[in-house]
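Here the UniProt record's numbering is used: position 229 in the sequence shown is 229, and no number is missing along the way. Please read the structure below before turning to the comments.
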Amino acid sequence: MTSNFIDYVKINLRSGRGGSGSSHFRREKHVPKGGPDGGDGGRGGHIYLVGSTQLWTLIHLKYQKHIIADSGNGGEGGRRSGSEGEDVFIQVPLGTIVKNAETNEFIAEVTEEGQKILVLPGGRGGLGNHNFKSSTNQSPRHAQPGEAGLDVWVVMELKVLADVGLVGFPNAGKSTLLSVLSAATPEIADYPFTTLVPQLGVVEYRDEKSFVVADIPGIIEGASEGKGLGLRFLRHIERNSILCFLIPSDAENWGEEYRILTGELEKYNPELLGKRRVIVVSKMDLSIPEMEEEMRESLPKDIPVLLISSVTQEGIQELKDLLWTTLLDENKDFGKIKEAPALLDLPVVNPMADEMMEDPEALD
Numbered sequence: 001m002t003s004n005f006i007d008y009v010k011i012n013l014r015s016g017r018g019g020s021g022s023s024h025f026r027r028e029k030h031v032p033k034g035g036p037d038g039g040d041g042g043r044g045g046h047i048y049l050v051g052s053t054q055l056w057t058l059i060h061l062k063y064q065k066h067i068i069a070d071s072g073n074g075g076e077g078g079r080r081s082g083s084e085g086e087d088v089f090i091q092v093p094l095g096t097i098v099k100n101a102e103t104n105e106f107i108a109e110v111t112e113e114g115q116k117i118l119v120l121p122g123g124r125g126g127l128g129n130h131n132f133k134s135s136t137n138q139s140p141r142h143a144q145p146g147e148a149g150l151d152v153w154v155v156m157e158l159k160v161l162a163d164v165g166l167v168g169f170p171n172a173g174k175s176t177l178l179s180v181l182s183a184a185t186p187e188i189a190d191y192p193f194t195t196l197v198p199q200l201g202v203v204e205y206r207d208e209k210s211f212v213v214a215d216i217p218g219i220i221e222g223a224s225e226g227k228g229l230g231l232r233f234l235r236h237i238e239r240n241s242i243l244c245f246l247i248p249s250d251a252e253n254w255g256e257e258y259r260i261l262t263g264e265l266e267k268y269n270p271e272l273l274g275k276r277r278v279i280v281v282s283k284m285d286l287s288i289p290e291m292e293e294e295m296r297e298s299l300p301k302d303i304p305v306l307l308i309s310s311v312t313q314e315g316i317q318e319l320k321d322l323l324w325t326t327l328l329d330e331n332k333d334f335g336k337i338k339e340a341p342a343l344l345d346l347p348v349v350n351p352m353a354d355e356m357m358e359d360p361e362a363l364d
């Protein structure tokens, strides 16, 4: 599972070169010198990104170092334009961001199923010689060459898209909670860092509604400085609509644990603290009722606090209700039925082609 989750790749993209214009002349017996008759060259192939809900990782692009679109064909006589180079469509999971690898300049972001974004346009085809005919130049013998395509190294970075992000220290019970809330089956064990990649689960709610919850691998103190696994996965929290902080009932200090978690998020990106938050105290089956008041007193009063047990499922329905209403408060359009996106019948580059792979056996 771990080796199959790839959220960062670096790829060279090259759009197609435009075809050259033609300098052809019409040859007819009754016209001694004929006339300029060259057609325009076809444009080079474009490179597009296409959003796909069928993908959740960038592993299909890991071994593809170069993606190259076809060049356009040259113009011909009879003012026939050359054919355009075939476009390339690269399917990526939702939440993929593309940046220039050298300048770190933002290029594109894919957030919707079927969304098609032009990343690199192909070169323009050259004009044929008939375009240069004038009253003073009846027989132009030159035509334009096609423009070169673009050649750019890009970084594709996946930030998991989810409605709710579960945030907590390792072994806080995030994986167990996700397995109870949804049909997801994350690895669960009685030791830290059992979750090494983000896990997504669809939570079925009332009246056939649903929302997506992401289990983000455990954060530790110092994660924003590169300690543990947190630095790699902190960026996934950026794409969650609301944050659900999970604090186990057997923590030494519930309030301090919450402050450490929010502190690491603030160090990584202060804007994360602008997201709506919910606090959940988990593993209440290991606690005693007399401790509940002390837990609530140690936690912020301006944020909803819910006590649950994933094992006994105490408070699970209340948690679903709280998350749903918080999502609605955050986005009034949340939960509205959306029209299904039109299916795109697109030729897609095959990133697993043997000739484009450095190590074909690596996927076995």
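We put the CB at the ideal spot given by N, CA and C, even for glycine.
Cα separation between residue i and residue j?
i, j, result
"L327", "Y8", "29 Å"
"V92", "V154", "14 Å"
"V160", "G95", "6 Å"
"T111", "E266", "25 Å"
"L319", "E204", "13 Å"
"T176", "G16", "49 Å"
"S210", "I237", "20 Å"
"P145", "N104", "32 Å"
"E293", "V88", "60 Å"
"T53", "Y63", "21 Å"
"I68", "L246", "46 Å"
"I216", "H66", "31 Å"
"V152", "V98", "11 Å"
"E361", "I90", "At E361, the pLDDT of 37 sits below 50, so the modelled position is not reliable; the number obtained from the coordinates is stated separately. Roughly 23 Å separates the two Cα atoms."
Kindly indicate which three-state DSSP category residue i falls into: helix, strand or coil?
i, result
"K116", "strand"
"E290", "helix"
"N12", "strand"
"T326", "helix"
"Y258", "helix"
"H142", "coil"
"N240", "strand"
"F199", "Note that residue 199 is Gln in the sequence shown here, rather than Phe. In the structure shown, Q199 sits in a strand (DSSP, three-state: E or B)."
"H66", "strand"
"D163", "strand"
"T103", "coil"
"D151", "strand"
Report yes if the CB atom of residue i is closer than 9 Å to the CB atom of residue j, and no otherwise.
i, j, result
"A162", "R239", "yes"
"I6", "L61", "yes"
"G168", "L261", "yes"
"V202", "C244", "no"
"L166", "A214", "yes"
"G125", "E157", "no"
"K133", "G51", "no"
"N137", "G21", "no"
"L49", "L150", "no"
"V180", "V212", "no"
"L323", "E314", "no"
"S241", "E330", "yes"
Am I right that residue i and residue j are in contact with their C-beta atoms under 8 Å? What's the rounded C-beta distance?
i, j, result
"L286", "W254", "Not confirmed; about 13 Å, so no contact."
"A172", "P248", "5 Å"
"G114", "E86", "Rounded, the Cβ-Cβ distance is 20 Å, inconsistent with contact."
"S309", "M284", "4 Å"
For chain B, check one thing: does any of its Cβ atoms lie closer than 9 Å to the Cβ of residue i?
i, result
"D37", "Absent from the structure is chain B; it holds one protein chain and no more."
(request) Could you tell me whether the segment 34-49 touches the segment 69-79, where touching means 3 or more Cβ pairs closer than 8 Å? (result) yes
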